[in-house]
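I have placed the structure first, in the form of structure tokens, so that the comments after it can refer back to it.
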Amino acid sequence: MELSERLTELKKSIESLKEPKTETIRTILSWFGYQRRGTQVLAHMERTFVEHGLRTSPDLSEPWIDGSVSISLAPAGEQEAPRYEALIARLGHLDAANQSPVSVGRDQAIGVATALMLRHDFSQLPVMRNEREIEGVISWRTIGEAIALGGTPEFVRDCMERKVRTLKPDIPLTDAIDEIVRHEFVMVQTADNRILGPVTTTDLADRYHALAEPFLLISQIESSIRRILDAHASVDALKSAKFGGDDRDVQRPEDLTFSEYKTALSNDAVWPKLRLKLDKSEVLAILEEVRVARNDIMHFHPDDNAEGTVEVLRNAAQALEKIAKATVPRCAIR
């Protein structure tokens with residue numbers, strides 16, 4: 002079904018039933034032929050919804066990629082301006098923040114809690130009355146404290162801690178960090194008061210590794226390219242790689258943009274000095290892949306899967322490091 006036809010039918014259905022429709026972000030992306038959210042992708046989707054008299058709540062940039070938005074009619078007689086929200090990493094974008102918790106009840110035997118923690122390799126379990134009411138938490142620490150203080154806990158209630166930190170899923174991840182570190186974990190409370198999680202310091206570390214790795218790889222790649230150019234490109238060759246008529250004083254590789262690195266490396270006065278038995282166009286293709294991947298990382302949603310892009314960067318970093326080691330004299334390697 003064509004996109005315009007799909008949205009027209011969707012609007013008719015909402016008008017007929019007099020209630021919003023709910024769809025996941027991943028499904029909506031598929032309607033538009035996309036897999037990930039970026040600034041241009043979000044602008045296109047928002048604009049198209051507005052043109053068809055529809056709106057989403059919350060904004061398309063907010064939920065987890067497998068989270069949902071409500072699609073409803075735009076206010077009558079009003080063409081709502083598209084909303085271009087920043088691609089902010091939020092607590093609700095973490096996988097852990099969208100999972101129903103493994104939990105225990107306060108009156109269950111302590112052996113049930115310890116077996117569950119061993120089975121799932123958890124440090125703690127929420128103590129739940131139902132999916133919307135959390136009574137506390139039991140952990141290896143609370144069990145150990147109860148025993149160390151002379152207790153003989155038999156039930157969860159005998160060693161559970163009643164203070165549990167809950168946060169909303171739309172809180173920026175940067176704001177949630179201190180809470181997660183301070184309490185070792187937080188639970189997530191949705192708009193309809195369901196309790197999800199927990200989100201632990203381990204989840205936070207995994208997330209920040211995923212966010213940081215692409216930037217670390219890009220830095221490594223740029224370092225390798227600069228080493229090569231520093232050893233083999235004259236100042237004139239570097240100056241000739243500069244795009245446009247700006248007044249930059251190009252003296253070193255650091256003065257060039259990434260796109261200009263490719264131009265400098267392809268210079269007929271530079272490439273032969275590398276003395277590589279590698280096809281020039283294939284090596285330059287590595288740089289072009291990195292340029293595209295670099296743009297991808299900078300402009301796409303931090304929640305959406307970028308594994309393919311990261312793999313490109315990993316391979317490029319490895320290849321360019323080998324080229325730098327092979328072509329740069331040891332005394333020139335800094």
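Every letter in the sequence shown is one number past the one before it in the working numbering, and letter 188, counting from 1, is 189. From the three backbone atoms N, C-alpha and C, an ideal C-beta is built for every residue, glycine too.
When the options are compared against residue i, the one with the closest alpha-carbon
i: Leu-218; options: Lys-263, Val-311 and Tyr-262; result: Val-311
i: Gln-41; options: Thr-175, Gln-125, Asn-296 and Ile-287; result: Asn-296
i: Ala-211; options: Leu-95, Val-291 and Ala-318; result: Leu-95
i: Leu-93; options: Asp-204, Arg-292, Ile-226 and Lys-263; result: This sequence places Gly at residue 93; Leu is not what is there. Considering only alpha carbons, the answer is Asp-204.
i: Ile-89; options: Ala-98, Pro-76 and Glu-63; result: Glu-63
i: Ile-29; options: Asn-316, Glu-223, Lys-240 and Ile-66; result: Ile-66
i: Phe-50; options: Tyr-35, Phe-216 and Thr-9; result: Thr-9
i: Gly-245; options: Ile-139, Pro-330, Leu-257 and Gly-112; result: Leu-257
i: Glu-16; options: Leu-4, Thr-191 and Leu-55; result: Leu-55
i: Glu-322; options: Leu-61, Ala-307, Gln-125 and Ser-224; result: Ser-224
Same chain, Cβ closer than 8 Å to residue i, neighbours up to 5 away in sequence not counted
i: Thr-23; result: Ser-69, Val-70, Ser-71 and Ile-72
i: Phe-123; result: Val-103 and Leu-117
i: Ser-267; result: Lys-281 and Leu-285
i: Ile-222; result: Val-291, Leu-314, Ala-317, Ala-318 and Leu-321
Nearest-angstrom Cα separation, counted from residue j out to residue i
i: Gly-152; j: Gly-106; result: 20 Å
i: Met-299; j: Lys-243; result: 22 Å
i: Phe-33; j: Phe-186; result: 37 Å
i: Gly-145; j: Asp-207; result: 27 Å
i: Arg-253; j: Val-271; result: 14 Å
i: Ala-294; j: Gly-137; result: 44 Å
i: Arg-130; j: Lys-164; result: 15 Å
i: Ala-177; j: Leu-168; result: 8 Å
i: Asn-99; j: Val-182; result: 19 Å
i: Asp-248; j: Leu-230; result: 21 Å
i: Gln-201; j: Ser-101; result: Checking the displayed sequence, the identity of residue 201 turns out to be Thr instead of Gln. If I take the Cα positions, the gap works out to 14 Å.
i: Asn-194; j: Ile-135; result: 10 Å
i: Lys-19; j: Thr-25; result: 20 Å
i: Phe-301; j: Ser-260; result: 20 Å
i: His-233; j: Tyr-262; result: 12 Å
i: Ala-44; j: Glu-3; result: 19 Å
i: Asp-171; j: Met-46; result: 21 Å
Residue span of the beta strand (DSSP E) that contains residue i, given as start and end
i: Met-129; result: 125-131
i: Gln-109; result: Counting along the chain, Gln-109 falls outside any beta strand (DSSP E), and DSSP gives it neither H nor E.
i: Pro-215; result: Not the beta strand (DSSP E): Pro-215 falls in the alpha helix (DSSP H), residues 202-233.
i: Glu-136; result: 134-140
i: Thr-25; result: 22-25
i: Met-299; result: Premise fails: Met-299 lies in the alpha helix (DSSP H), 281-300, not in any beta strand (DSSP E).
i: Val-182; result: Premise fails: Val-182 lies in the alpha helix (DSSP H), 174-184, not in any beta strand (DSSP E).
Same chain only: Cβ atoms within 7 Å of residue i, ignoring 5 sequence neighbours per side
i: Ala-110; result: Glu-155 and Phe-156
i: Ala-320; result: Ile-287
i: Pro-330; result: Ala-232
Near the ligand FAD: residue i beta-carbon under 7 Å from a heavy atom
i: Val-51; result: The ligand FAD is not among the ligands present in this structure, which contains no ligands whatsoever.
The alpha helix (DSSP H) enclosing residue i, as first and last residue numbers
i: Lys-323; result: 308-328
Residues of its chain near residue i, where Cβ-Cβ distance is below 6 Å and the 5 sequence neighbours each way are ignored
i: Arg-335; result: A caution first: Arg-335 carries a pLDDT of 43, below 50, which makes its placement in the model unreliable, though a value can still be read off. Around Arg-335: no qualifying Cβ.
i: Cys-332; result: Per-residue confidence for Cys-332 stands at a pLDDT of 49, beneath the threshold of 50, marking its modelled position as unreliable; no derived number is given.
i: Glu-132; result: Arg-195
Item to complete: Jot down the residue ranges of each uninterrupted alpha helix (DSSP H) in the region 29-78, minimum 4 residues, whole runs only, in chain order.
Response: 40-52
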